[in-house]
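Numbering-wise (UniProt numbering), the sequence shown opens with residue 1 and increments by one.
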Amino acid sequence: MKIGIISDTHGILKEEVIHTLSTCDYIFHAGDVGDQEILRQLESIATTYAIQGNNDSDSLGLKERLEIEIAGYQFYMVHDLKSEKILPKGYDFVISGHSHQFDLHYSSKTTWINPGGCGKRRFGLPLTMVRLHLEEQVHIELLTLSK
1 MKIGIISDTH
11 GILKEEVIHT
21 LSTCDYIFHA
31 GDVGDQEILR
41 QLESIATTYA
51 IQGNNDSDSL
61 GLKERLEIEI
71 AGYQFYMVHD
81 LKSEKILPKG
91 YDFVISGHSH
101 QFDLHYSSKT
111 TWINPGGCGK
121 RRFGLPLTMV
131 RLHLEEQVHI
141 ELLTLSK
């Protein structure tokens, strides 16, 4: 099973991102979606879970946080991890966005993933996304976009 993890599209869904997500069973969007059309495009590719980012309007109808279980794994998703008063505990994966910078680290039994931004290049950072493989062993694949 593969989960495509993206964030900070800000209304831009690049062909390279669409192509990569087309191989995924699920898509997680960690906020700053941009508009409803992005959500429609993602849903046409695979089952999509998205949360509201600080630049998303309430009209998108997204929650600020989500708890999801897939294949026995517990996921928690929030746009800006620094906005959490208490860091989430007890999850297999915590997914966040906001910084536009890829981050991967481990703490106890939790894997913390920020896929970086994959919309418009910001802060001089590369455009990145993550593909999470949930197989016999978990494999996290960082993908750097060409443009």
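The C-beta atom is built at its ideal place from N, Cα and C for all residues, glycine as well.
Taking buried to mean at least 16 other C-beta atoms within 10 Å of its own C-beta, is residue i buried or exposed?
i    : result
R131 : buried
S7   : buried
D58  : exposed
S146 : exposed
L125 : exposed
S107 : exposed
Among all the DSSP beta bridges, which residues are the ones paired with residue i?
i   : result
A50 : H29
V17 : Bridge partners of V17: none, in fact.
K2  : H133
Whole-angstrom Cβ separation of residue i and residue j, contact assumed at under 8 Å?
i    : j    : result
F75  : Y91  : 6 Å
T9   : D32  : 7 Å
G4   : I27  : 5 Å
I51  : A30  : 6 Å
H111 : C118 : Correcting the residue type first, residue 111 is Thr in the shown sequence and not His. Wrong, their Cβ atoms sit about 20 Å apart, outside the cutoff.
Counting only the same chain and skipping the five closest in sequence on each side, list residues whose C-beta sits under 7 Å from that of residue i.
i   : result
Y73 : D92, F93 and L134
So is the beta-carbon of residue i under 7 Å away from any non-hydrogen atom of the ligand GTP?
i   : result
S59 : Absence of the ligand GTP from the depicted structure is noted, as is the absence of any ligand whatsoever, leaving it without description.
Whose C-beta lies closer than 8 Å to the C-beta of residue i among residues of the same chain, with five residues either side of it excluded?
i   : result
G34 : T9, H10, G11, I12, N55, D56 and G119
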